[in-house]
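K.L.:
The opening position of the sequence shown corresponds to residue 143 in our numbering, with each subsequent residue numbered one higher. Where a beta carbon is used, it is the ideal one built from N, C-alpha and C, also for glycine. Computed from a prediction, not measured in an experiment: that's the story for all the values here.
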Amino acid sequence: MLSMSPPPSPYTWTAHTRLHRWANIRRVIVDRFHHMTWIRNRPEGLVYRDAEQSHDGYTLFCSVTGKHATLLNPEGEVVHRWHNSEGIQHAHMLESGHLLIQTGPFPHAEGRQNMGGNSGAMMELDWDSNVVWAYRNPAQHHAYERLENGNHLVLGWYPVPKDIMSKVQGGHPDPKADPDNPVMWGDVILEVDRSGREIKRWNSWEHFDTTLDVICPLENRKEWGHANSLSTTPDGNWLVSFRNTSQIMIIDPDNGDIKWRFGAATKEFPLALNHQHAATWLDNGNILVFDNGCHRQGPGFSRVLEIDPKTNKAEWSYQADVILAFHSFMCSGASRLNNGNTLITESATARLFEVTPKGETVWEWVSPFFFQSRFGRTPFVFRAYRYDLDDPRFDGRSLAPALHSELNQRIKEGGVPDNYHGPGNERR
Numbered sequence: 143m144l145s146m147s148p149p150p151s152p153y154t155w156t157a158h159t160r161l162h163r164w165a166n167i168r169r170v171i172v173d174r175f176h177h178m179t180w181i182r183n184r185p186e187g188l189v190y191r192d193a194e195q196s197h198d199g200y201t202l203f204c205s206v207t208g209k210h211a212t213l214l215n216p217e218g219e220v221v222h223r224w225h226n227s228e229g230i231q232h233a234h235m236l237e238s239g240h241l242l243i244q245t246g247p248f249p250h251a252e253g254r255q256n257m258g259g260n261s262g263a264m265m266e267l268d269w270d271s272n273v274v275w276a277y278r279n280p281a282q283h284h285a286y287e288r289l290e291n292g293n294h295l296v297l298g299w300y301p302v303p304k305d306i307m308s309k310v311q312g313g314h315p316d317p318k319a320d321p322d323n324p325v326m327w328g329d330v331i332l333e334v335d336r337s338g339r340e341i342k343r344w345n346s347w348e349h350f351d352t353t354l355d356v357i358c359p360l361e362n363r364k365e366w367g368h369a370n371s372l373s374t375t376p377d378g379n380w381l382v383s384f385r386n387t388s389q390i391m392i393i394d395p396d397n398g399d400i401k402w403r404f405g406a407a408t409k410e411f412p413l414a415l416n417h418q419h420a421a422t423w424l425d426n427g428n429i430l431v432f433d434n435g436c437h438r439q440g441p442g443f444s445r446v447l448e449i450d451p452k453t454n455k456a457e458w459s460y461q462a463d464v465i466l467a468f469h470s471f472m473c474s475g476a477s478r479l480n481n482g483n484t485l486i487t488e489s490a491t492a493r494l495f496e497v498t499p500k501g502e503t504v505w506e507w508v509s510p511f512f513f514q515s516r517f518g519r520t521p522f523v524f525r526a527y528r529y530d531l532d533d534p535r536f537d538g539r540s541l542a543p544a545l546h547s548e549l550n551q552r553i554k555e556g557g558v559p560d561n562y563h564g565p566g567n568e569r570r
């Protein structure tokens, strides 16, 4: 830790290195109320890389309100970009090398427009950004998955029946609601085939417990659960994260029963989640989750937890050595890499970084892309993924940084303009 002479009140300045061998000293400004502030000289692009300890791979990410998905090489250089005129707020690669994306918000989503994570469509893009398949549903949001049988799981928002809505605990009234006809949106898991036909439906309000699944008192009663991740476990169950109730659940898709739950509402658990995101099943049977830390008692800070669902204890965790230096109030995620390291997305600051099992940061990259959102001018990144350099999905692909020389130079010099689209093959 390196201390510096403090400027006039109310700010305290400290500088610290995250075991970066002094290669990267980050300045953190914390006001008297323990709130993080935006540093004046924000780094962009590759901030740090330990070539020996970091995982060599391609990193995929997209800006929440942008229209591109971007692929980076280990040196932090852009080597490919996909474009979609309807936006790309979440993307991951299929085994075919195609991209499965969730588009930007649907403009006429029947009351869902200002609910974070709202989308209009799920699309499959080929390497050249051509749409080869699409499923459109103005109710869909946040998460989706292609199943082995070719069908898809998708999250949707639908109205909670009035008789159940009146029993839901917690939250504060929606100030924009019609007092004579208030609406509460609940999460639905849909399985649809490639034609869009509904195969299966799980309505959260039919399985939630109003005494356990309580909305945070600081959240709007417009939504009950606010699911933000959905995936299938090896035994065919669904793993789902619900932000507004600060719980993650394992659900039996055959009968809809909640087989396991973990979170703030169940006091028996030794750990409490606070508006978490991105629950992910690991090969060892544990669950990795990004705990955002919103609305904690005391200052908000984020952490990543690896939870053993058999014991409900954390087998591994990461949080910053300067605790307030790592915090995202929204989105975010973490994924375990093949070398045992963990790739973390700190969405609000648009920071992607990789840590070792000991918590040492060995790769760090900050997005330079800014767009307008409901919060104003923001660089938000939803979630990043890492793929091995020798992954067959990249066979025969052109992945030369020179193909994106102008953008890479702009990132290096700190000169990427807002709403940047790019020259050449990057469509406007």
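#1: Take Phe-511 and list the residues in its own chain whose beta-carbon comes closer than 7 Å to its own, dropping the five residues that flank it on each side.
#2: If we ignore side chains and look at the alpha-carbon of each, how far apart do Trp-366 and Asn-260 end up?
#3: Using the beta-carbon count (16 or more within 10 Å), is Met-146 buried or exposed?
#4: Alpha carbon to alpha carbon, how far is His-469 from Glu-488?
#5: Would you check if the distance between the CB atom of Tyr-286 and the CB atom of Gly-328 is smaller than 8 Å?
#6: Contact between the region 183-196 and the region 223-241 is defined here as three or more beta-carbon pairs at a separation below 8 Å; is this criterion met?
#7: Closest to Trp-344 by CA distance: which of Pro-395, Trp-275, Asp-377 and Lys-554 is it?
#8: Could you check what DSSP says for Lys-401 in three-state terms: helix, strand or coil?
#9: Look at Pro-543 and Asn-293 and say whether their C-beta atoms are less than 8 Å apart.
#10: In chain order, what residues of the same chain have a beta carbon less than 6 Å from the beta carbon of Glu-361, not counting five sequence neighbours either side?
#11: Could you tell me the boundaries of the beta strand (DSSP E) in which Asn-362 lies?
#12: Cα separation between Gln-244 and Arg-339?
#13: Take Trp-402 as the anchor and find which of Asp-450, Trp-507 and Gly-440 has the nearest alpha-carbon.
#14: Between the beta-carbon of His-546 and the beta-carbon of Arg-223, is there less than 8 Å?
#15: Exposed or buried, Arg-336, counting other C-beta atoms within 10 Å across all chains shown (16 or more means buried)?
#16: Might you give, ordered along the chain, the residues of its own chain that have their beta carbon closer than 8 Å to the beta carbon of Asn-397, omitting 5 neighbours on each side?
#17: Identify the residues that DSSP records as bridge partners of Pro-301: which are they?
#18: If I'm right that His-240 touches Val-274 with Cβ under 8 Å, what's the distance once you round it to whole angstroms?
#19: Helix, strand or coil: which one does DSSP assign to Gln-551?
#20: Give the DSSP bridge partners of His-222, in chain order.
#21: How far does the beta strand (DSSP E) with Gly-312 in it extend, from its first residue to its last?
#22: Going by CA-CA distance only, name the one from Met-264, Arg-516 and Leu-447 that's closest to Leu-242.
P.N.:
Here's the rundown:
#1: As a first step, residue 511 is located in the sequence shown; it is residue number 369 there, counting from the start. Here the set comprises Ser-205, Gly-208, Pro-521, Val-558 and Tyr-562.
#2: Locating residue 366 in the sequence shown gives position 224, where the first residue counts as 1. Locating residue 260 in the sequence shown gives position 118, where the first residue counts as 1. Computed Cα separation, rounded: 15 Å.
#3: Working through the sequence shown from its first residue, we reach residue 146 at position 4. Low confidence applies to Met-146: its pLDDT is 37, below 50, so where it sits in the model is not reliable enough to give any reading.
#4: By 1-based counting over the sequence shown, the position of residue 469 is 327. By 1-based counting over the sequence shown, the position of residue 488 is 346. Their backbone Cα atoms lie some 7 Å apart in a straight line.
#5: In the sequence shown, the residue the question calls residue 286 occupies position 144. In the sequence shown, the residue the question calls residue 328 occupies position 186. No, these two residues do not count as a Cβ contact at 8 Å.
#6: no
#7: Counting from 1 along the sequence shown, the entry for residue 344 is found at position 202. Answer by Cα proximity: Pro-395.
#8: If you number the sequence shown from 1, residue 401 lands on position 259. It is a strand residue.
#9: Indexing the sequence shown from 1 puts residue 543 at position 401. Indexing the sequence shown from 1 puts residue 293 at position 151. No, Cβ-Cβ distance for Pro-543 and Asn-293 is not below 8 Å.
#10: Reading the sequence shown from its first residue, position 219 is the one you call residue 361. So the list reads Gly-313 and Asn-386, once near-sequence residues are dropped.
#11: Along the sequence shown, one-based indexing puts residue 362 at 220. Its beta strand (DSSP E) spans residues 357-362.
#12: To locate residue 244, count along the sequence shown from 1; it is residue 102. To locate residue 339, count along the sequence shown from 1; it is residue 197. Cα to Cα, Gln-244 sits roughly 18 Å from Arg-339.
#13: Along the sequence shown, one-based indexing puts residue 402 at 260. Minimum Cα distance to Trp-402 is reached at Asp-450.
#14: Counted from its first residue, the sequence shown places residue 546 at position 404. Counted from its first residue, the sequence shown places residue 223 at position 81. Yes; because the gap between Cβ atoms is below 8 Å, this pair is in contact.
#15: Counted from its first residue, the sequence shown places residue 336 at position 194. Under this definition Arg-336 is an exposed residue.
#16: What you label residue 397 is simply residue 255 of the sequence shown in a count that begins at 1. Excluding positions up to five away in sequence, the list is empty.
#17: Here residue 301 refers to the residue found at position 159 when the sequence shown is read from its first residue. DSSP lists Trp-327 as partners of Pro-301.
#18: Against the sequence shown, residue 240 aligns to sequence position 98. Against the sequence shown, residue 274 aligns to sequence position 132. Right, their Cβ atoms sit about 7 Å apart.
#19: In the sequence shown, residue 551 corresponds to position 409, counting from 1. In the structure shown, Gln-551 sits in a helix (DSSP, three-state: H, G or I).
#20: On the sequence shown, residue 222 is found 80 positions in, with the first residue counted as 1. In the DSSP output, where bridge partners are listed per residue, His-222 has Leu-213.
#21: Residue 312 sits at position 170 when you count from the first residue of the sequence shown. Where Gly-312 is concerned, the enclosing beta strand (DSSP E) stretches over 312-314.
#22: Counted from its first residue, the sequence shown places residue 242 at position 100. That would be Met-264, whose Cα lies nearest to the Cα of Leu-242.
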